[in-house]
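Since the structure comes first, as structure tokens, the remarks are kept for the end.
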Amino acid sequence: MNFGFSEEQGEFREMLVRFFEEKSPITEVFRLQQTAEGNDPAVWKQMAEELGLQGIHLPVESGGQGFGFLELGIVMEEMGRNLVCSPYFSTVCLAANAILNAGTLEQKQRWLPGIASGGIIATLALLETGDIWSADGVRLSFETDGNRYRLSGTKRLVTDAASADLLVVAARQPGTTGEDGITFFVVRGDAEGLRANALEPLDLTRKLADVELHDVAAELLGEEGSSGPALAKTLDQARICLALESAAGAERCLNDAVAYAKQRFQFGRPIGSFQAIKHTCAELLLEVESAKSTAYWASWVASEDSQELALAAAVAKSYCDETYVRAADDNVHIHGGIGVTWEADPHLFLKRAKSTATLLGAPGWLRERIAALEGF
Numbered sequence: 052m053n054f055g056f057s058e059e060q061g062e063f064r065e066m067l068v069r070f071f072e073e074k075s076p077i078t079e080v081f082r083l084q085q086t087a088e089g090n091d092p093a094v095w096k097q098m099a100e101e102l103g104l105q106g107i108h109l110p111v112e113s114g115g116q117g118f119g120f121l122e123l124g125i126v127m128e129e130m131g132r133n134l135v136c137s138p139y140f141s142t143v144c145l146a147a148n149a150i151l152n153a154g155t156l157e158q159k160q161r162w163l164p165g166i167a168s169g170g171i172i173a174t175l176a177l178l179e180t181g182d183i184w185s186a187d188g189v190r191l192s193f194e195t196d197g198n199r200y201r202l203s204g205t206k207r208l209v210t211d212a213a214s215a216d217l218l219v220v221a222a223r224q225p226g227t228t229g230e231d232g233i234t235f236f237v238v239r240g241d242a243e244g245l246r247a248n249a250l251e252p253l254d255l256t257r258k259l260a261d262v263e264l265h266d267v268a269a270e271l272l273g274e275e276g277s278s279g280p281a282l283a284k285t286l287d288q289a290r291i292c293l294a295l296e297s298a299a300g301a302e303r304c305l306n307d308a309v310a311y312a313k314q315r316f317q318f319g320r321p322i323g324s325f326q327a328i329k330h331t332c333a334e335l336l337l338e339v340e341s342a343k344s345t346a347y348w349a350s351w352v353a354s355e356d357s358q359e360l361a362l363a364a365a366v367a368k369s370y371c372d373e374t375y376v377r378a379a380d381d382n383v384h385i386h387g388g389i390g391v392t393w394e395a396d397p398h399l400f401l402k403r404a405k406s407t408a409t410l411l412g413a414p415g416w417l418r419e420r421i422a423a424l425e426g427f
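FYI, the numbering for the sequence shown is 52 to 427, going by my numbering.
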């Protein structure tokens, strides 16, 4: 049995490596993280028109490329490796999947082509209080008057909300709990009564905002009260996307640390020749390779639409989160004093690692989820 990527997938990865190395050098990451939008519209357009990345896994009939989750995972890896400042995760891994999982055929054909073409930036608004990244945390209710729906409430830590043209908002029918009663709505980013308050998070390369909804007109996505399973599936798919991003980011940190240890001399020899540095890098290599294997397994599970999706997502993200934080932290230490200066780039990866570890569920919460799924 072949557990490797196909030749075509390898060529696809090589193309992405060249593209993102050119379009997202560290100097560009430093520049874009200081902007309000946090992305380069020209690069976003190229990603869609020249590479078809926004629709890589979307059906051909919805304007996509018709590939699968494995190809989407390759995109997330290479973007994570280069800290690409882009609303790709929000638009493709969250919003597009939510529409794909919950929308009617007409809604998919209406919204997904715009996402695939790069004409629509979108996101998913879920979190409300605490850190409950699941249906259990949804309290936002909705009012209805015939076929018209209106939303009022607040959603927290919404990725790329300030630049989104479209928001998929999770709400709940009164008197329901858990996945029961969860309802998706589509809200336009410029809707009257909607306000996205940009935040200043630890990681400036991924923009966050709190979204206030004041009697905002919304369109029902799918059927009322039936979006619970779609929400769970969307979140698990997104967790696997983040796991792949983190595994690649951890590998980048390891490679940067090794490269610096070879060129930095102390006491007349490269610091990489000292046992403490050798052991750190060797142990990190084991963790990084394990993280990659775990993320690839989860990506395969997602591509097969397996019943193990929830378990695979929790295992992959929890392990890859901690590996990325460890790799980024060790990279800073190996760089020494320069590693904590603003001009050097190790701190960018550490901030991304720590912020990603809290997004869609921290490792501890995910391990509790693993235990529950396994009946403990």
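Don't be surprised by glycine CBs; every beta carbon is placed ideally from N, CA and C.
As the structure is a computational prediction, the values presented were derived from the model and not from experiment.
>> For the region 391–411 against the region 317–333, do three or more pairs of beta-carbon atoms, one drawn from each stretch, fall closer than 8 Å, so that the two count as touching?
In response: Judged by pairs of C-beta atoms under 8 Å, the region 391–411 does not touch the region 317–333, as fewer than three such pairs exist.
> For Leu271, which of helix, strand or coil comes out of DSSP?
Replying inline: Residue state, collapsed to three classes: strand.
>> Which same chain residues end up closer than 6 Å to Thr392 when comparing Cβ atoms and leaving out the 5 residues on each side of it in sequence?
In response: So no residue of the chain qualifies.
> Per DSSP, what kind of secondary structure is Ala346 in: helix, strand or coil?
Replying inline: For Ala346, the secondary structure class from DSSP, reduced to helix, strand or coil, is helix.
> Over what stretch of residues does the alpha helix (DSSP H) that includes Thr205 continue unbroken?
Replying inline: Careful: Thr205 lies outside any alpha helix (DSSP H), inside the beta strand (DSSP E) at 199–210.
>> For the alpha helix (DSSP H) containing Thr285, name the first residue and the last one.
In response: From DSSP, the alpha helix (DSSP H) with Thr285 extends over 279–314.
> Helix or strand or just coil, what does DSSP make of Met52?
Replying inline: Residue placement at Met52 is flagged as unreliable, the pLDDT there being 48, under the threshold of 50; a coordinate-derived value is accordingly withheld.
> Which parts of the region 81–138 are runs of the beta strand (DSSP E), unbroken and 3 residues or longer, counting only runs that do not cross its ends?
Replying inline: Runs of the beta strand (DSSP E) lying entirely within the region 81–138 and spanning at least 3 residues: none are present.
>> Let me check understanding here. Comparing Cα to Cα, which of Ser297, Ala413, Gly387 lies closest to Thr14?
In response: The requested residue 14 is not part of the displayed model; the chain covers only 52 to 427.
> CB of Leu282 to nearest heavy atom of the ligand PLP: below 7 Å?
Replying inline: Judged by which ligands are present, the structure shown has none, so any question about the ligand PLP falls away.
> Mind checking whether Val135 and Ser214 have CB atoms under 8 Å apart?
Replying inline: The answer is no: Cβ separation not under 8 Å.
>> According to DSSP, is Leu255 part of a helix, a strand, or is it coil?
In response: For Leu255, the secondary structure class from DSSP, reduced to helix, strand or coil, is coil.
> Is the region 121–132 touching the region 55–73, taking contact as three or more C-beta pairs under 8 Å?
Replying inline: With the cut-off at 8 Å, the region 121–132 and the region 55–73 touch.
> Where in the region 323–371 do unbroken runs of the alpha helix (DSSP H), each at least 4 residues long, occur, reported from the N-terminal end onward?
Replying inline: Here the runs fully enclosed are 326–354.
> If you draw a straight line from the C-alpha of Glu179 to the C-alpha of Lys405, how long is it?
Replying inline: Rounded to whole angstroms, the gap between the alpha carbons of Glu179 and Lys405 is 21 Å.
>> Which of the three DSSP states is assigned to Glu394 in this structure?
In response: Glu394 falls in the coil class under three-state DSSP.
> Run through DSSP, which three-state label would Val237 get?
Replying inline: Reduced to three states, the DSSP call for Val237 is strand.
> Between Gln160 and the rest of its own chain, which residues show a CB-CB distance below 8 Å, the 5 nearest in sequence each way excluded?
Replying inline: Apart from the 5 residues on each side of it in sequence, Gln160 sits with its Cβ closer than 8 Å to the Cβ of Glu112, Ser113 in its chain, given in chain order.
> So, is Gly154 buried or exposed, given that buried needs 16 or more other C-beta atoms within 10 angstroms?
Replying inline: Sixteen is the threshold: when 16 or more other Cβ atoms of the shown chains lie within 10 Å of the Cβ of Gly154, as they do, the residue is buried.
> Starting from Phe70 and walking both ways along the alpha helix (DSSP H), at which residues does that stretch end?
Replying inline: Counting along the chain, the alpha helix (DSSP H) containing Phe70 begins and ends at 58–74.
>> Only counting the same chain, and skipping five residues up and downstream in sequence, which positions put a Cβ closer than 7 Å to that of Leu293?
In response: If we look at Leu293 and ignore the five residues flanking it on each side, its Cβ neighbours are Lys368, Thr407, Leu410, Leu411.
> By Cβ distance below 7 Å, which residues in the same chain neighbour Gly426 in space, the five residues on each side in sequence not counted?
Replying inline: Excluding residues up to 5 positions away in sequence, nothing lies with its Cβ nearer than 7 Å to the Cβ of Gly426 in the same chain.
>> Measuring only the C-alpha atoms, how far is Ile389 from Val383?
In response: Ile389 and Val383: Cα-Cα distance of roughly 8 Å.
> What is the residue span of the alpha helix (DSSP H) that Leu424 lies within?
Replying inline: Unbroken alpha helix (DSSP H) run through Leu424: 414–424.
>> Suppose contacts are defined by Cβ-Cβ distances below 8 Å. Is Arg377 in contact with Thr256 by that definition?
In response: The answer is no: Cβ separation not under 8 Å.
> DSSP three-state call for Gln224: helix, strand or coil?
Replying inline: Three-state result, Gln224: coil.
>> If you measure between the beta carbons of Tyr200 and Phe235, is that distance less than 8 Å?
In response: In this structure, Phe235 does not lie closer than 8 Å to Tyr200 by Cβ.
> Thinking just about the alpha-carbon of each residue, which of Gly197, Glu251, Ala413 is nearest to the one in Ala87?
Replying inline: Selected option, being the one with the closest Cα: Glu251.
>> Output needed for Ile77: all residues of its chain with C-beta closer than 8 Å, excluding positions within five of it in sequence on either side, in chain order.
In response: The answer, listed in chain order, is Leu134, Asp396, Leu399.
>> Please return the same chain residues whose Cβ sits closer than 8 Å to the Cβ of Glu338, not counting the five positions on each side in sequence.
In response: The residues Ala301, Thr374, Arg377, Ala378, in chain order, have a CB closer than 8 Å to that of Glu338 in the same chain once the five nearest residues on each side in sequence are set aside.
> Do you know whose CA, among Ala327, Leu121, Pro138, Ala361, lies nearest Glu419's CA?
Replying inline: The residue among Ala327, Leu121, Pro138, Ala361 with its C-alpha nearest the C-alpha of Glu419 is Ala361.
> For Met52, does the count of other Cβ atoms within 10 angstroms reach 16, so buried, or fall short, so exposed?
Replying inline: Reliability of the predicted coordinates at Met52 is poor, the pLDDT of 48 falling under 50, and the value obtained from them is presented with this limitation in mind. The C-beta of Met52 has fewer than 16 other C-beta atoms within 10 Å across all chains shown, which makes the residue exposed.
>> Alpha carbons only, please: which of Gln317, Thr285, Thr331, Leu295 is nearest the one belonging to Asn306?
In response: From the listed residues Gln317, Thr285, Thr331, Leu295, the smallest Cα separation to Asn306 is found for Thr331.
>> What residue range does the beta strand (DSSP E) around Glu230 cover?
In response: DSSP places Glu230 outside any beta strand (DSSP E), giving it a letter other than H or E.
> When the Cα atoms are used, what is the spatial distance from Ile150 to Ala310?
Replying inline: Across the structure, Ile150 and Ala310 are spaced so that their CA atoms are roughly 43 Å apart.
> With distances taken between CB atoms, is the gap from Ala289 to Leu417 smaller than 8 Å?
Replying inline: The Cβ atoms of Ala289 and Leu417 do not sit closer than 8 Å to each other.
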